[in-house]
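What follows is a set of notes on a single structure, which appears directly below.
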Amino acid sequence: MDANNIIFIAIIIGLSTGGWLINNWIRAKHGYPLEDEWGGKTERKDSADSRVETQRLKDENRQLHSKLDAMQDRMIVLEKIVTDRGYSLAEEIEALRDTPRVNQAADKGAGVPLDLGSKERV
């Protein structure tokens with residue numbers, strides 16, 4: 002064998018080993034079981050503290066989801082109150098604008114009701 006073949010084989014072995022190391026590092030980082038050289042799997046052993054912490058986080062997540070559902074129900078009710086009330090209030094204001102005002106100045110034929118009698122005299 003000449004030197005080029007030995008270098009080529011060393012590069013292939015180095016790349017394979019590096020790929021295997023990177024693969025196991027990524028698997029360990031994300032919590033997947035690791036592989037050994039012969040294809041066997043090594044499961045992660047969780048400690049009692051991590052199981053307790055996981056259960057606590059699951060319970061907290063469940064509580065927060067129930068609170069979020071209750072808040073969404075309240076939001077729907079508030080949106081109905083605000084939009085329905087606002088719409089009916091706008092209709093009432095428009096109805097008051099459209100109602101003709103009958104007062105004594107208009108009956109006398111002045112044309113524009115000024116209500117001078119009810120104003121303050123200075």
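With the working numbering applied, the sequence shown covers 2 to 123. Just so it is clear, CB atoms sit at the ideal spot from N, CA and C, and this is done for glycine as well.
- Counting only the same chain and skipping the five closest in sequence on each side, list residues whose C-beta sits under 7 angstroms from that of Ala-29. Leu-35
- Task: Please classify Lys-42: does DSSP put it in a helix, a strand, or coil?
- Result: strand
- Cβ neighbours of Val-83 in the same chain (closer than 7 angstroms, five flanking residues each side left out): none
- Item | Straight-line gap, Val-53 to Asp-60 (C-alpha atoms, nearest Å) | 11 angstroms
- Task: Determine the direct distance from the alpha carbon of Thr-55 to that of Ile-14, and round the result to whole angstroms.
- Result: 40 angstroms
- Query: Starting from Ser-126 and walking both ways along the alpha helix (DSSP H), at which residues does that stretch end?
  - Reply: Lying outside 2 to 123, the shown extent of the chain, residue 126 is not represented and no answer is given.
- Query: Short check: CB of Asp-37 to CB of Thr-43, under 8 angstroms?
  - Reply: yes
- Message: Within 10 Å of its beta-carbon, does Ser-17 have 16 or more other beta-carbons around it, so buried, or fewer, so exposed?
- Response: exposed
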